[in-house]
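Trainee: In order, the protein sequences belong to chains A, B and C. If you're matching positions, the first sequence starts at 1 in full-length UniProt numbering and goes up one per residue. If you're matching positions, the second sequence starts at 1 in full-length UniProt numbering and goes up one per residue. If you're matching positions, the third sequence starts at 1 in full-length UniProt numbering and goes up one per residue. One structure coming up, written as structure tokens, with questions to follow.
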Amino acid sequence: MSKQIKQLGDDIWKTKVEKVNSELFTLTYGSIVSQLCKDLNFNYEAVNNQLFKMGYNIGIRLIDEFLQKTQLSRCTNFRETAEIVSKIGFKIFLNITPIITNWSADSKTFSLILNDNPLADFVELPDDGKALKELWYSNILCGVLKGALEMVQLDCEVVFLNDVLRGDESTEIRVKLIQILKDEVPAGDE
Amino acid sequence: MSTSATSPMANKNAPLPPSPAHSSQTPVLPQSPQVQQPQRHIQHDDATVPTQELFTKEVNAIALDYLINECIPLSVRVEEMLLEGQSEISAAISELKLETAEGEEGIDNETQRKDKFEPGTVTFLNDESKFLHLNNLYRIENYGYEIGLKITDCLIYMKNSNPNEATVNMRLVEVLEIMKFICRDVWKIIYLKQMDNLRTNHIGTFVLIDNNFRPLTNFYSSLGEEDTLRKVQPYLQFPCGLIKGILTSLGIESIVKAEVMNGKLPSVSFNVQTNFNNGGMSKMM
Amino acid sequence: MPIFSIYITSKSGSLLYQKDFKVLNNPITKQNSNDYLVIASTLHGVHAISAKLTPAASAKNYLSSKLPTNSNKTGLRMITTSQFKIYMNQTVTGLEIILFTSPDMGQTKISGIYDKIYQLYCDYVLKNPFYQLEMPIRCKLFDDKLLSVVTTTNV
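What follows is the structure in structure tokens.
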């Protein structure tokens with residue numbers, strides 16, 4: 001199953017995706033974050049918050065693009081969701097496949113380890129004594145995941161646990177399924 | 001409005017202050033040792049091979065489109081936050097001085113805050129006084145400007161290291177050459193197509209025309225075309241800033257304005273006024 | 001095999017888009033805008049009821065049918081009358097695309113059309129930064145593109 005998923009992600013990336021240079025993407029994101037930090041007077045909590053909102057707004061729209069391109073149907077369990085997020089979602093938009101790990105015993109929480117992060121290539125956080133502790137530079141990713149999963153009725157909490165930019169050993173996003181939004185599951189797919 | 005020179009991010013990419021393109025230690029290049037054989041950047045589709053070569057990695061163009069578009073609502077939110085900050089201060093001051101205006105400000109802020117996280121809404125468009133406010137336009141232009149400043153070196157390096165492309169004249173002395181560079185290379189990498197036309201009056205003004213400007217291809221306001229044209233303006237500030245940033249990084253000061261041509265989306269013309277009097281040039285793109 | 005009308009409803013059943021196409025010998029009489037709302041929400045309701053009636057096990061068999069894979073697996077698919085068919089398809093996010101067609105329209109062809117419409121929705125509705133989710137779709141570009149899809153089908 002996992003292999004098929006990977007294959008599908010690779011195929012879509014190769015055949016159905018218009019591509020742009022990754023450095024350009026990095027630069028663009030970098031200058032947005034940089035400007036945002038200035039505007040919000042280096043209140044990194046507010047910056048994280050705004051980045052998350054940006055992501056959320058993108059995610060709730062991007063999900064349909066994703067479903068249309070992949071022709072995927074609803075996942076049968078959360079483990080399958082994780083596989084698809086990593087091997088197809090991240091693959092077709094950012095051309096990376098984060099490692100899925102640290103499953104909780106109840107299979108409702110997992111981590112995505114990003115060995116490669118196109119948002120943060122060559123970036124160093126400002127050396128103001130605060131950013132390294134407070135800024136989640138790539139927080140937009142959490143927003144995107146949150147928004148996209150919510151639109152397929154998976155109410156999740158998505159947060160950064162670690163980031164190599166902060167000197168951590170890995171870049172880790174934690175995804176926790178809070179509930180399946182039963183009321184909102186479109187009638188027709190219970 | 002702060003200037004680029006005070007950029008806080010110690011992004012290695014950031015030339016602070018903007019350095020000329022031919023500087024020997026091009027700041028845009030990450031200090032990566034393995035750059036002997038940068039491959040052609042397009043159609044590099046095997047991501048399972050760890051590709052550390054520069055300019056070979058790619059992401060989905062849609063990701064970039066969405067990211068750039070999201071700048072505009074972001075900018076409006078930032079503007080609101082800044083205004084709130086000010087109004088709280090001014091409210092505090094007026095309370096001190098006049099001891100009136102009880103809590104009104106607070107209530108307003110709260111109702112505003114509640115609106116802000118409704119999924120899928122486009123409330124940022126509702127208040128045109130903010131959406132089309134000069135501060136907003138300025139901030140968006142600055143997003144583009146910052147990118148423009150940083151991208152020039154990156155692009156020149158990329159082209160020159162690619163055996164399949166004609167090398168860029170590293171000095172880019174002629175302002176017309178620089179404009180061609182923007183029309184061809186910059187546009188190609190960001191908007192995946194070249195500009196369609198370049199005109200000049202030979203005294204420093206250039207008009208760059210894109211008949212099918214990618215970011216605007218799916219814009220439409222439910223209130224009709226006139227409304228669309230008005231609301232498109234902030235989205236045009238981004239490429240204006242971009243052009244301006246590139247020119248600045250090459251030592252040219254400019255004023256860039258964009259407008260939708262003949263009111264017909266998605267054709268856009270960029271009017272670039274430089275401080276360059278380039279008298280005798282007659283060759284055009 | 002012409003398409004007579006297209007309806008698009010949101011996951012909550014409100015009508016986002018409705019369009020009748022000019023077709024020779026169109027058996028469907030034109031309705032007023034209020035009726036369109038009623039039709040849309042009724043179809044949405046029937047779709048929901050039929051989903052409720054479907055045992056979960058039988059939903060699995062749908063995987064092998066010619067239906068688009070990215071649509072919900074249970075729920076009403078089609079209504080037939082002597083004069084026309086109504087095809088319904090719901091995306092995983094809940095968007096419902098309803099097509100009124102001539103009776104000779106087959107499921108395979110519908111799947112292709114459904115996919116094209118979904119793509120147009122992604123490209124010209126969702127990527128339009130001025131569009132608010134769950135609101136009626138008033139995008140000229142979407143209209144134009146949709147019309148050309150229908151025109152090619154109806155030829």
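Glycine included, each C-beta is placed from N, C-alpha and C at the ideal position. No experiment lies behind these values; they were computed from the predicted model shown.
1) Could you give the DSSP three-state label for C:Phe4: helix, strand or coil?
2) Hey, B:Ile151 and B:Leu64: beta-carbon distance below 9 Å or not?
3) What residues from chain A crowd round C:Cys122, counting only those whose CB sits closer than 7 Å?
4) Which one of B:Cys154, B:Val207, B:Glu177 has the shortest CA to CA distance from B:Ile190?
5) Give the residues of chain C in contact with residue 287 of chain B, contact being defined as C-beta atoms less than 9 Å apart.
6) Roughly how far, in whole angstroms, is the beta-carbon of A:Ile92 from the beta-carbon of A:Trp13, given that I think they are within contact range, below 8 Å?
7) Could you please give the first and the last residue of the uninterrupted beta strand (DSSP E) stretch that includes A:Arg74?
8) Going by CA-CA distance only, name the one from B:Glu253, B:Leu229, B:Thr205 that's closest to B:Phe270.
9) Could you work out which residues of chain A lie near C:Lys145, taking near to mean beta carbons separated by less than 7 Å?
10) Please report the distance separating the alpha-carbon of C:Met78 from that of C:Leu99.
11) Once the 5 residues before and after B:Ala47 are set aside, which same chain residues still bring their CB inside 6 Å of it?
12) Could you give the residue range of the beta strand (DSSP E) that holds B:Arg199?
13) Bridge partners for A:Asp155 per DSSP, in chain order?
14) Could you name the residues of the same chain whose beta carbon sits closer than 6 Å to that of C:Ser5, not counting the 5 residues immediately before and after it, in chain order?
15) Could you tell me whether any Cβ in chain A is nearer than 9 Å to the Cβ of C:Ser64?
16) Here's the rule: buried if 16 or more other CB atoms are within 10 angstroms of the residue's CB, otherwise exposed. What is B:His202?
17) Using beta-carbon positions only, say whether B:Lys57 and A:Ser22 come within less than 9 Å of one another.
18) Would you call the region 72 to 89 of chain C in contact with the region 21 to 36 of chain A, where contact means no fewer than 3 C-beta pairs closer than 8 Å?
19) When Cβ atoms are compared, which residues of the region 72 to 94 of chain C fall closer than 7 Å to chain A?
20) Just how far apart, CA to CA, sit C:Gln90 and C:Asn72?
21) I want to see whether chain B comes within less than 9 Å of C:Leu133, judged by CB atoms only; does it?
22) Return the first residue and the last residue of the beta strand (DSSP E) that B:Ile255 is part of.
23) Where are the beta strand (DSSP E) runs, 3 residues long or more, that stay fully inside the region 38 to 118 of chain A, in chain order?
24) Please determine if the region 107 to 127 of chain A and the region 70 to 84 of chain A are in contact, where contact requires at least 3 C-beta pairs separated by less than 8 Å.
25) Let me make sure I understand the geometry here. Which of B:Leu223, B:Arg230, B:Ile68 has the alpha-carbon closest to that of B:Asn142?
26) A:Met151 touches chain C at which residues, Cβ-Cβ below 7 Å?
27) Any beta carbon of chain A sitting closer than 9 Å to that of C:Leu126?
28) By how many angstroms is the C-alpha of A:Glu150 removed from the C-alpha of C:Met105?
29) Would you mind reading off the limits of the alpha helix (DSSP H) that contains B:Asn136?
30) Taking DSSP as the reference, what is the three-state secondary structure of B:Leu223?
31) Strictly below 8 Å CB to CB, what residues from chain C border B:Val59?
32) Residues in its own chain within less than 6 Å of B:Ser267 by CB, not counting five upstream and five downstream?
33) Helix, strand or coil: how does DSSP classify C:Met135 here?
34) Are the region 162 to 173 of chain A and the region 119 to 133 of chain A touching, with three or more C-beta to C-beta distances below 8 Å?
35) Does C:Thr69 come within less than 9 Å of chain A when only Cβ atoms are used?
36) Quick check on A:Gln4 - is its C-beta less than 9 Å from some C-beta in chain C?
Mentor: Taking the definition as stated:
1) Here residue 4 of chain C refers to the residue found at position 4 when the third sequence is read from its first residue. Looking at C:Phe4 - three-state DSSP - the assignment turns out to be strand.
2) By one-based count along the second sequence, residue 151 of chain B stands at place 151. By one-based count along the second sequence, residue 64 of chain B stands at place 64. Contact: no.
3) Within the third sequence, numbered from 1, the residue matching residue 122 of chain C stands at position 122. Asp64, Glu65, Gln68, listed in chain order.
4) Within the second sequence, the letter at position 190 stands for residue 190 of chain B. Ranking B:Cys154, B:Val207, B:Glu177 by CA distance to the CA of B:Ile190 puts B:Cys154 first.
5) As displayed, chain B neither begins before 1 nor continues past 285, which places residue 287 of chain B out of reach and without an answer.
6) Stepping through the first sequence from its first residue, residue 92 of chain A is reached at position 92. Stepping through the first sequence from its first residue, residue 13 of chain A is reached at position 13. A:Ile92 to A:Trp13, Cβ: 5 Å. Contact.
7) Mapped onto the first sequence, residue 74 of chain A falls at position 74. First-last for A:Arg74: undefined, no H or E at that position.
8) Here the question's residue 270 of chain B lines up with position 270 in the second sequence. For the residues B:Glu253, B:Leu229, B:Thr205, the minimum Cα distance to B:Phe270 belongs to B:Thr205.
9) Taking the third sequence and counting its residues from 1, the one referred to as residue 145 of chain C is at position 145. At a C-beta separation below 7 Å, C:Lys145 has no neighbours in chain A, since its nearest C-beta there lies roughly 14 Å away.
10) In the third sequence, counting from the first residue as 1, residue 78 of chain C sits at position 78. In the third sequence, counting from the first residue as 1, residue 99 of chain C sits at position 99. Those two C-alpha atoms are separated by around 9 Å.
11) Counted from its first residue, the second sequence places residue 47 of chain B at position 47. Caution is warranted here: a pLDDT of 41 is assigned to B:Ala47, below 50, making its placement in the model unreliable, and the coordinate value is therefore given only provisionally. Closer than 6 Å at Cβ, skipping near neighbours: no residue.
12) Start at 1 with the first residue of the second sequence, and residue 199 of chain B comes out as number 199. It spans 197 to 200 - the beta strand (DSSP E) in which B:Arg199 sits, taken as one unbroken run.
13) As a working mapping, residue 155 of chain A is identified with position 155 in the first sequence. In DSSP, A:Asp155 forms a bridge with A:Gln179.
14) In the third sequence, the residue the question calls residue 5 of chain C occupies position 5. Contacts found: Asp20, Phe100.
15) Sequence index remark: in the third sequence, residue 64 of chain C carries index 64 (1-based). Interpretation of C:Ser64 is limited by its pLDDT of 46, a score under 50 that renders its predicted location unreliable; no figure is taken from the coordinates.
16) Locating residue 202 of chain B in the second sequence gives position 202, where the first residue counts as 1. It is exposed - the Cβ of B:His202 has fewer than 16 other Cβ atoms within 10 Å.
17) One-based indexing of the second sequence puts residue 57 of chain B at position 57. One-based indexing of the first sequence puts residue 22 of chain A at position 22. Yes; because the gap between Cβ atoms is below 9 Å, this pair is in contact.
18) Touching, no.
19) Answer in chain order: Asn72, Lys73, Thr74, Gly75, Gln90, Thr91, Val92, Thr93, Gly94.
20) Indexing the third sequence from 1 puts residue 90 of chain C at position 90. Indexing the third sequence from 1 puts residue 72 of chain C at position 72. Approximately 6 Å, taken between the alpha carbons.
21) Here residue 133 of chain C refers to the residue found at position 133 when the third sequence is read from its first residue. For C:Leu133, the answer is yes, since a Cβ of chain B falls inside 9 Å of its Cβ.
22) Locating residue 255 of chain B in the second sequence gives position 255, where the first residue counts as 1. Note, B:Ile255: beta strand (DSSP E), 254 to 260.
23) List check, beta strand (DSSP E) in window: 99 to 101, 109 to 113.
24) Contact holds: three or more Cβ-Cβ distances are below 8 Å.
25) Looking up residue 142 of chain B in the second sequence gives position 142. For B:Asn142, the nearest C-alpha among the options comes from B:Ile68.
26) Translated into positions along the first sequence, residue 151 of chain A becomes position 151. Taking the beta carbon of A:Met151 as reference, the chain C residues within 7 Å of it are Thr93, listed in sequence order.
27) Stepping through the third sequence from its first residue, residue 126 of chain C is reached at position 126. At a cut-off of 9 Å between beta-carbon atoms, C:Leu126 makes contact with chain A.
28) Stepping through the third sequence from its first residue, residue 105 of chain C is reached at position 105. Stepping through the first sequence from its first residue, residue 150 of chain A is reached at position 150. C:Met105 and A:Glu150: Cα-Cα distance of roughly 35 Å.
29) For the purposes of this step, residue 136 of chain B is identified with residue 136 of the second sequence, where counting begins at 1. The continuous alpha helix (DSSP H) containing B:Asn136 extends over residues 134 to 160.
30) Numbered from its first residue, the second sequence carries residue 223 of chain B at position 223. Residue state, collapsed to three classes: coil.
31) One-based indexing of the second sequence puts residue 59 of chain B at position 59. In chain order: nothing, as chain C lies at least about 17 Å away.
32) Taking the first residue of the second sequence as 1, we reach residue 267 of chain B at position 267. Cβ neighbours of B:Ser267 beyond the five flanking positions: Asn211, Met261.
33) Translated into positions along the third sequence, residue 135 of chain C becomes position 135. Of the three classes helix, strand and coil, the one that applies to C:Met135 here is coil, per DSSP.
34) The region 162 to 173 of chain A, when compared against the region 119 to 133 of chain A, does touch it at the 8 Å Cβ threshold.
35) Along the third sequence, read from residue 1 onward, the residue named residue 69 of chain C stands at position 69. A Cβ of chain A is located within less than 9 Å of the beta carbon of C:Thr69.
36) As a working mapping, residue 4 of chain A is identified with position 4 in the first sequence. Not closer than 9 Å to any Cβ of chain C, the Cβ of A:Gln4 fails to qualify, so no.
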